[in-house]
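Using our numbering, you'd call the opening residue of the sequence shown number 823 and step up by one each time.
What follows is one structure encoded as structure tokens, with my remarks underneath.
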Amino acid sequence: MNDQPQFNFDNSYARNLEGFFSFCEAETVAAPKWLQFNHALAEELGLDPTSLDSEEGLAIFSGNTKAQGSEPLAQAYAGHQFGGFSPQLGDGRALLLGEVIDTQQERRDIQLKGSGRTPYSRGGDGKAAVGPVLREYLIGEAMHNLGIPTTRALAAVSTGAQVFRETVLPGAVLTRVAASHIRVGTFQYVASRRDVEKVRKLADYAMARHYPETVEAKNPYLAFFEAVADAQASLIARWMSIGFIHGVMNTDNMTISGETIDYGPCAFMDRYSPGTVFSSIDHGGRYAYANQPKILVWNLARFAETLIPLIDPKPEQAVEHLTQTLEGIQPLYESYWLARMKSKIGLSKEDPDDQELIEDLLKMMEGADFTLGFRRLSKVLLGENEPARNLLKEPRAFDDWENRWRKRLDHEGIPATTIAQVMDRVNPIYIPRNHKVEEALAAAAIEENMTPFSKLLTVLNHPFEEVAGSEDYTEPAPETNIPYKTFCGT
Ligand code: AMP
Ligand code: MG
């Protein structure tokens, strides 16, 4: 009898993209233990959760056993980090175990993160710690439940080994699921080596996998670029609409699929302030909240550069085409942003003054809790405006805005109670509040107590649905916790 959990791996990356990876084995660990397993995601992947949530599964997700059909490999990539180019990065502590076809017939990568050194580890130890692993698990699930494209966590296990950072930390391995792990940096890896045929190979692979409709376009590679730009513009607009700050929007952390990836120093903004930066390494504020749309364009410009030889044999022509698309990204982003922000205040019809209405609200909200500020607007429609008003520095300014807003809502031709309900499906009540995340990770890492983590994860599984008894998860951090800082967490 074979009681090994079955994955039915189909490893197209390994098959098609020689030169973009190194085969590599995970390091074994002495004493693996379960931290968390994602049953729902396992089902979505077409895997058997029961056979995976077991000793055999633990052995696979800790790197101790190689699952049948897995061909572990570390992917190579390059990238601009804080604006400076590194031609050689790559998975320094991650291994792609293989790809599975999920129940929606989508191909998904299954990757270990923290499984030991690879040919791309440079000075690093290839390891990850319990805190950052659980952080990535938690934020990824939160983003998914908020409806934002993201990589997700299938499993988190502790290794029993120590990891040496500024202090000694308990080690862990995360199993991450992604539409793929191809990044802007993967293109830069071959483009910076002037290997046009490899750029073409990668583009053909990524197009077939993520944007099959572009293959048939008049200029397929230009259509591919437009498709990636569109997916990323939409993604960043979603981040902005919920106050998400990624923290390290390096080109190696920008996916071709349009999924959010690499939850390191990311955080949700508590008080609304456009310049908010949480990451302790982001001294210049390059990746501040309000800069994210600019970095979107900057990163896509770096991506465009890699595609020049594919777009047109005449470089000037290629540059002209790409420039035109690049110039359209900001307006495209703005249209996505406006649509999302309109939905946050209950608007679906067109009105030329909508943008101003939103911008005036945001101006008033400076210093107020971003999440609660929007969530409490639906209450205003139900006749309770104090909770929203009281969040603001100048509550009286709200009254004028409220009048303008109500007049505008009249044009929607929908009862206010219905609009309030729709707004509650767009404005979350629960987000991963920084102090709650820290509390959960500290309990897990220091006391091996997973209860706060499980509770927080449960709440984040239904971000829009208010549940009695969970008030604690809606409140901003106590004043002493602000300003909050995140550390790269690697
Ligand atoms: P990240 O900040 O996780 O996006 O990682 C940036 C780069 O550093 C990637 O190439 C990682 O693989 C590599 N890296 C980060 N942490 C480690 C580590 N502990 N050991 C080896 N490589 C690492
Ligand atoms: Mg990264």
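We put the beta carbon where it would ideally sit given N, CA and C, even for glycine.
The structure presented is a predicted model; accordingly, all values stated were derived computationally and were not measured.
Cβ-heavy atom distance, residue i to the ligand MG, below 7 Å
i, result
"residue 1074", "yes"
"residue 1084", "yes"
Same chain only: Cβ atoms within 6 Å of residue i, ignoring 5 sequence neighbours per side
i, result
"residue 827", "873, 874, 878 and 879"
"residue 1112", "1096"
"residue 1036", "1029, 1042, 1045, 1046 and 1049"
"residue 1251", "1197, 1288 and 1296"
"residue 1192", "1065, 1091 and 1094"
"residue 1013", "1021 and 1128"
"residue 1249", "1166, 1196 and 1197"
"residue 1140", "1130, 1133 and 1134"
Exposed unless 16 or more other CB atoms sit within 10 angstroms - verdict on residue i
i, result
"residue 1297", "exposed"
"residue 925", "exposed"
"residue 931", "buried"
"residue 1087", "buried"
"residue 905", "exposed"
"residue 949", "buried"
"residue 1172", "exposed"
"residue 1005", "buried"
"residue 1121", "buried"
"residue 1291", "exposed"
"residue 860", "buried"
"residue 823", "Because the pLDDT of residue 823 is 41, which lies under 50, any placement of that residue in the model is unreliable, and the number read from its coordinates should be weighed accordingly. Answer is exposed; the Cβ neighbour count stays below 16."
"residue 1301", "exposed"
"residue 829", "buried"
"residue 954", "buried"
"residue 1105", "exposed"
"residue 1239", "exposed"
"residue 1040", "exposed"
CA nearest to the CA of residue i, picked from the options
i, options, result
"residue 1051", "1022, 1033 and 930", "1033"
"residue 845", "892, 871, 854 and 857", "892"
"residue 831", "884, 890 and 864", "890"
"residue 1241", "1208, 1295, 1040 and 1167", "1167"
"residue 1313", "1283, 1246 and 1231", "Because the chain spans 823 through 1312 in this model, residue 1313 falls outside it and cannot be assessed."
"residue 1102", "1070, 1118, 1117 and 1123", "1070"
"residue 990", "1287, 1268 and 938", "1268"
"residue 887", "849, 859 and 914", "849"
"residue 981", "1227, 852, 1160 and 1243", "852"
"residue 1236", "1259, 1290 and 1169", "1169"
"residue 854", "901, 975, 993 and 987", "993"
"residue 1117", "1055, 1246 and 1238", "1055"
"residue 1262", "1249, 1248 and 1278", "1278"
"residue 970", "870, 1061 and 1005", "1061"
"residue 1073", "1308, 903, 894 and 863", "903"
"residue 1258", "1148, 1245 and 1280", "1280"
"residue 1220", "977, 1188 and 920", "1188"
"residue 1260", "952, 838, 917 and 934", "952"
"residue 881", "937, 927, 1179 and 957", "937"
"residue 1119", "1105, 1100, 1110 and 1149", "1149"
"residue 960", "1293, 1232, 1308 and 1275", "1275"
"residue 939", "1186, 897, 1232 and 1040", "897"
"residue 964", "1256, 1138, 1109 and 856", "1256"
"residue 1273", "933, 934 and 956", "956"
Proximity test, residue i beta-carbon vs the ligand AMP heavy atom, cut-off 7 Å
i, result
"residue 911", "yes"
"residue 944", "yes"
"residue 885", "no"
"residue 914", "yes"
"residue 1107", "no"
"residue 1070", "yes"
"residue 947", "yes"
Same chain, Cβ closer than 7 Å to residue i, neighbours up to 5 away in sequence not counted
i, result
"residue 1009", "1021, 1024, 1125 and 1128"
"residue 1201", "1209 and 1210"
"residue 1083", "973, 1000, 1075 and 1077"
"residue 910", "900"
"residue 866", "924 and 925"
"residue 1182", "1223"
"residue 1156", "none"
"residue 983", "851, 852 and 993"
"residue 1318", "In this structure the chain extends from 823 to 1312, so residue 1318 is not present and cannot be described."
"residue 1007", "899, 900, 901, 911, 1073 and 1074"
"residue 841", "1020"
Short CB-CB distance (under 8 Å) between residue i and chain C
i, result
"residue 841", "Among the chains in the structure shown there is no chain C, since it carries only a single protein chain."
Own chain residues within Cβ distance below 8 Å of residue i, not counting five before or after
i, result
"residue 1234", "1168, 1169, 1170, 1171 and 1241"
"residue 1081", "971, 972, 973, 1000, 1001 and 1057"
"residue 1190", "1093, 1094, 1213, 1214 and 1215"
"residue 834", "921, 929, 1027 and 1031"
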